[in-house]
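Worksheet: the structure to be examined is printed underneath.
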Amino acid sequence: MPDAENKPKLTLKPEVPVVALKGLVMFPKITVPLLLSDPKAVAAIDSALASDRLAVFVAVKEDDLAEPQAKDLYQVGTVSKIVEAVKQPDGTMRLMIEGLERARVKEFTADSPFFKARAGLLPQRHEEKSEAVEAQMYAVVNQFKEAVNAGAPVPFDVLLVVMNLNDPWQLSDLVALNLDFRTEEKQKILEAEAVLSKLELVAAAIARQLKVLQLSKKLQTETGKELGKMEREMFLREQLKSIEKELGVLGGRTEVEELKAKIEKAGMPAEPKAIAEKELLRLQGMPSFSPEVSYIRTYLDWLVELPWSKKTESQIDVNAAKKILDSDHYGLEKVKERILEYLAVQKLVGRIRGPILCFAGPPGTGKTSLGKSIARALGRKFVRMSLGGVRDEAEIRGFRRTYVGALPGRIIQGVNQAGSKNPVFMLDEIDKLGADFRGDPSAALLEALDPEQNSAFSDHYLEVSFDLSDVMFITTANILDTVPPALRDRMEVIDFPGYTEEEKFHIAKQHLLPKLWEMHGLKPKQMVITEPAIRAVIRLYTLEAGVRNLERSLAAVCRKIAREVATGARGAVTIGVSDLAKYLGAPHFSHEEARGKGEVGVVTGLAWTEAGGEVLTIEAAKMPGAGKLIITGHLGQVMQESVEAAFSFARAFAKEEKIKDQFYKTSDVHVHVPAGAIPKDGPSAGIAIATALVSLVTDKPVKKAVAMTGEVTLRGRVLEIGGVKEKILAAHRAGVQTVILPEGNKKDLDDVPKEVRRSLKFIFAKTMDEVLKSAIQAR
Ligand code: ADP
1 MPDAENKPKL TLKPEVPVVA LKGLVMFPKI TVPLLLSDPK AVAAIDSALA
51 SDRLAVFVAV KEDDLAEPQA KDLYQVGTVS KIVEAVKQPD GTMRLMIEGL
101 ERARVKEFTA DSPFFKARAG LLPQRHEEKS EAVEAQMYAV VNQFKEAVNA
151 GAPVPFDVLL VVMNLNDPWQ LSDLVALNLD FRTEEKQKIL EAEAVLSKLE
201 LVAAAIARQL KVLQLSKKLQ TETGKELGKM EREMFLREQL KSIEKELGVL
251 GGRTEVEELK AKIEKAGMPA EPKAIAEKEL LRLQGMPSFS PEVSYIRTYL
301 DWLVELPWSK KTESQIDVNA AKKILDSDHY GLEKVKERIL EYLAVQKLVG
351 RIRGPILCFA GPPGTGKTSL GKSIARALGR KFVRMSLGGV RDEAEIRGFR
401 RTYVGALPGR IIQGVNQAGS KNPVFMLDEI DKLGADFRGD PSAALLEALD
451 PEQNSAFSDH YLEVSFDLSD VMFITTANIL DTVPPALRDR MEVIDFPGYT
501 EEEKFHIAKQ HLLPKLWEMH GLKPKQMVIT EPAIRAVIRL YTLEAGVRNL
551 ERSLAAVCRK IAREVATGAR GAVTIGVSDL AKYLGAPHFS HEEARGKGEV
601 GVVTGLAWTE AGGEVLTIEA AKMPGAGKLI ITGHLGQVMQ ESVEAAFSFA
651 RAFAKEEKIK DQFYKTSDVH VHVPAGAIPK DGPSAGIAIA TALVSLVTDK
701 PVKKAVAMTG EVTLRGRVLE IGGVKEKILA AHRAGVQTVI LPEGNKKDLD
751 DVPKEVRRSL KFIFAKTMDE VLKSAIQAR
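Numbering-wise (our numbering), the sequence shown opens with residue 1 and increments by one.
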């Protein structure tokens, strides 16, 4: 019995999924692995998998169409069974498909989310093998072997199968699938109805393929020979031309011509232009299969795309800039003023001058958004690049082209992204810049940022210098301690200390809420949030220097209201304090923390961290022991030493006060600083630790609403510390009433907003005695 009658007959559903293949034609009776990335194709496979696992695979007429439509597809394809399908994490799909029979699409019935069509099977072909067919088969097999010899990449087992096949149809299909035929050639072979003409098509396509293979082989051997330089170049050009002709021409222009036109258009200065032209010559002379071709092409693409002479119009109008800065940001008066001065100088001098600006402050204090505003005010592009974790000079200055996968550094990438040579370029997190054996990125960064030397910035990848002198660089940092000193010296630091509650309230009302309403498609009257409610969000749900969490919390409220309005549940909503729990859950902070009764050995200290100022509790306890000092809470080296100094001070104090308890002999003393998330180092907790210890040995409680910061010496002198403004704002946020500061920090109070100054009591201490007098409760 013939084979075909044994198998169940294939039937197609009235509507079948269609998969469009680029550069590939599927044939019957062949099993092929495939990798699909086109979402439409993946969706078609999903649908087939959900029913009979069958889909029609058709080829796209032109290989390089980005989004082929139904009209771009061939109508004859192959019904195939999906034997195996595995989805990759990136959304692509790996398949094994088995070609069954040819089919013709009669009509496309859908093209989204994937192609669907009505299709009919094409008749099975049975034909007696004539002598002519035998002869043609013999010729095809021989040609195929020749192609393999000339270098066609065909697996050995395929060669074996081809040599032993008896079926002329299958032979043609297998050869067509395995040689690099053009899509239209393969399609014609698939569609052929008579076996002899099918074999002839295959033979003609192999003949063409052979010519290409031989040509490139010849080129390879010829270039190896010692030809005179002139002769060799001429020869190469000739060969290249014929290969280009063979391999097809790009819309009438070769790739080389296309690149040449781009080089002309790129507006490059003489030096890079000469290099680009030299590289282009190299590319022209290179055999197309050389791996270097793609490196050179990528390099040329970078060269021609960089904005060598593209600028956005930038007329500095200081008054207009002031308007824009004011309309985008509440407060920040000092910062805005400094920026306007900077712009004014630029206007008069005609170019960027002076130090690099560095915006320093905790997250969410408006550094980025002010940078954007400056770009807007100047009519320039804005780009942002993070330097966090950059430890390698090459990331700033690029990798040399000899490395595989080399690219320009972040500076050139940023400029390229901006598409103009005078953007406002924000370099974030320069305090997170590292340095190690791979070189010091800060030196490269300095060269890029310094207006005195950046008109010829050299990137290792580009190999030619790029003029960065029109770029306005702004750096940002959370803290300045870790900024490499060489960089710090060249920068003018502009402080973003954090906002007071009052400022946050205005920012929320005037800027954050209108922005959020618009983002969520709400009209102001659809969502009314009362003033006390805004203040409650600030106080009870966010405890931060900036306004990032505030923005997030308000966005959460907007989302929920948007949903209520969109579903028609409510037309307009008014939110008061009592409604907040419904939208934001229980309050995260209680404002009463800093009030209440004082305790023995417990002091409120103030710390300065990347997130701005923080309130910190310091606890001291004693237990029977042998005078050991135990320190816990992940303290840094300097802070541990400061605990030891405070301990010595407390011993001396006890002696002077004639306290009988010989705690340093009979007890172990434990100092603990909770709050795991806050990095704790530096000397500024000294007076707080000393106070905690004195409170412990005198057994007198410390006043609860007092917070303090300052370094202490062994003799009890109180020394100046940093970050005063941030610390005071933190104390204010936490509801502290009195702040004890070193006398030497009196001057820093000028920077603290007036309303904060007014609501706190300050005590300036020169010695520990003064600290203790204000902090320790009388019994
Ligand atoms: P940073 O860069 O300092 O971390 P962002 O610039 O990202 O902070 O600011 C966070 C959000 O707060 C942004 O939506 C910003 O527009 C807003 N914002 C911060 N400060 C102000 C201000 N003074 N006026 C208006 N909006 C502000």
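Where is the CB? At the ideal position from N, CA and C, for every residue including glycine.
Residue(s) in a DSSP beta bridge with residue i
i, result
"Pro33", "Met96"
"His672", "Glu619 and Thr632"
"Ser80", "Ala55 and Gly99"
"Gly613", "Trp608"
"Ala556", "According to DSSP, Ala556 bridges with nothing at all."
"Phe466", "Phe457"
"Leu332", "DSSP, once it has assigned bridges, lists no residue as partnering Leu332."
"Gly120", "Arg104"
"Met472", "Val424"
"Met775", "The question names Met, yet the displayed sequence has Ala at residue 775. In DSSP, Ala775 forms no bridge with anything."
"Ala20", "Val58"
"Phe649", "None, per the DSSP bridge assignment."
"Glu599", "Val702"
Rounded C-alpha distance that separates residue i from residue j
i, j, result
"Phe115", "Pro14", "14 Å"
"Gly598", "Lys704", "4 Å"
"Val493", "Ala581", "40 Å"
"Ser667", "Ile689", "18 Å"
"Lys766", "Pro683", "16 Å"
"Leu12", "Val58", "16 Å"
"Arg208", "Arg182", "10 Å"
"Ile97", "Pro269", "54 Å"
"Gly627", "Phe649", "15 Å"
"Gly252", "Lys310", "Confidence at Gly252 is low in this model, with a pLDDT of 45, below 50, so its placement is unreliable and the value that follows should be read with caution. For Gly252 and Lys310, the distance between alpha carbons rounds to 29 Å."
"Glu389", "Tyr342", "Looking at the sequence itself, residue 389 is Gly, so the reference to Glu does not match. So the two alpha carbons sit approximately 30 Å from each other."
"Ala132", "Glu193", "16 Å"
"Ser759", "Glu502", "12 Å"
"Pro301", "Lys61", "Residue identity differs from the one stated: residue 301 is Asp in this sequence, not Pro. Computed Cα separation, rounded: 28 Å."
"Tyr461", "Arg380", "26 Å"
"Glu644", "Ile631", "9 Å"
"Arg401", "Ser216", "27 Å"
"Ala344", "Lys523", "39 Å"
"Pro123", "Leu190", "13 Å"
"Glu67", "Leu171", "33 Å"
"Ala266", "Ser469", "19 Å"
"Asp681", "Ala533", "37 Å"
"Phe762", "Thr738", "6 Å"
"Ser775", "Tyr541", "Per the sequence shown, residue 775 should be read as Ala rather than Ser. Between Ala775 and Tyr541, the C-alpha separation is close to 30 Å."
"Glu255", "Lys278", "16 Å"
"Ala707", "Gly498", "19 Å"
"His732", "Arg397", "44 Å"
"Arg563", "Lys622", "56 Å"
"Ala261", "Leu280", "11 Å"
"Val335", "Ala110", "58 Å"
"Leu772", "Thr691", "7 Å"
"Glu592", "Gly735", "Any reading at Glu592 must be qualified, since the residue scores a pLDDT of 47, below 50, and its modelled position is unreliable; the value itself is stated next. For Glu592 and Gly735, the distance between alpha carbons rounds to 7 Å."
Every unbroken beta strand (DSSP E) within the stretch 156-200, with a cutoff of 3 residues, ordered by chain: Complete beta strand (DSSP E) runs here, min 3: none at all.
- prompt: Does the stretch 16-33 touch the stretch 170-184, meaning 3 or more C-beta pairs lie closer than 8 Å?
  reply: yes
task: Could I get the ranges of all uninterrupted alpha helix (DSSP H) runs contained in the stretch 378-429, with 4 residues as the minimum, in chain order?
output: 393-397 and 410-418
- request: Any chance you could list the alpha helix (DSSP H) runs of at least 4 consecutive residues sitting entirely within the stretch 708-744, in chain order?
  value: 724-733
- prompt: In the stretch 480-526, which residue ranges form an unbroken beta strand (DSSP E) of at least 3 residues, counting only runs that do not cross its ends?
  reply: 491-495
task: Mind the definition here: the stretch 482-491 touches the stretch 715-727 only if three or more C-beta pairs lie below 8 Å; say whether that holds.
output: The stretch 482-491 and the stretch 715-727 do not touch, with fewer than 3 CB-CB distances between them shorter than 8 Å.
message: Going residue by residue through the stretch 250-286, where are the continuous alpha helix (DSSP H) segments of at least 4 residues, counting only ones entirely within it?
response: Taken in chain order, the unbroken stretches of alpha helix (DSSP H) that lie wholly in the stretch 250-286 and span 4 residues or more are 255-265 and 270-284.
message: Across the stretch 747-763 and the stretch 690-699, are there enough close Cβ pairs to call them in contact, namely three or more that are closer than 8 Å?
response: No, the stretch 747-763 is not in contact with the stretch 690-699.
query: Okay, do the stretch 362-369 and the stretch 537-554 touch, 3+ Cβ pairs below 8 Å being the bar?
result: With the cut-off at 8 Å, the stretch 362-369 and the stretch 537-554 touch.
message: Under 8 Å: do the stretch 92-106 and the stretch 38-48 share three or more Cβ pairs, one atom per stretch?
response: yes
- prompt: Does the stretch 554-570 come close enough to the stretch 499-518 to have 3 or more Cβ pairs within less than 8 Å?
  reply: yes
field: Any 3 or more C-beta pairs closer than 8 Å across the stretch 102-114 and the stretch 75-85
entry: yes
field: Given 8 Å, three or more beta-carbon pairs between the stretch 470-477 and the stretch 420-435
entry: yes
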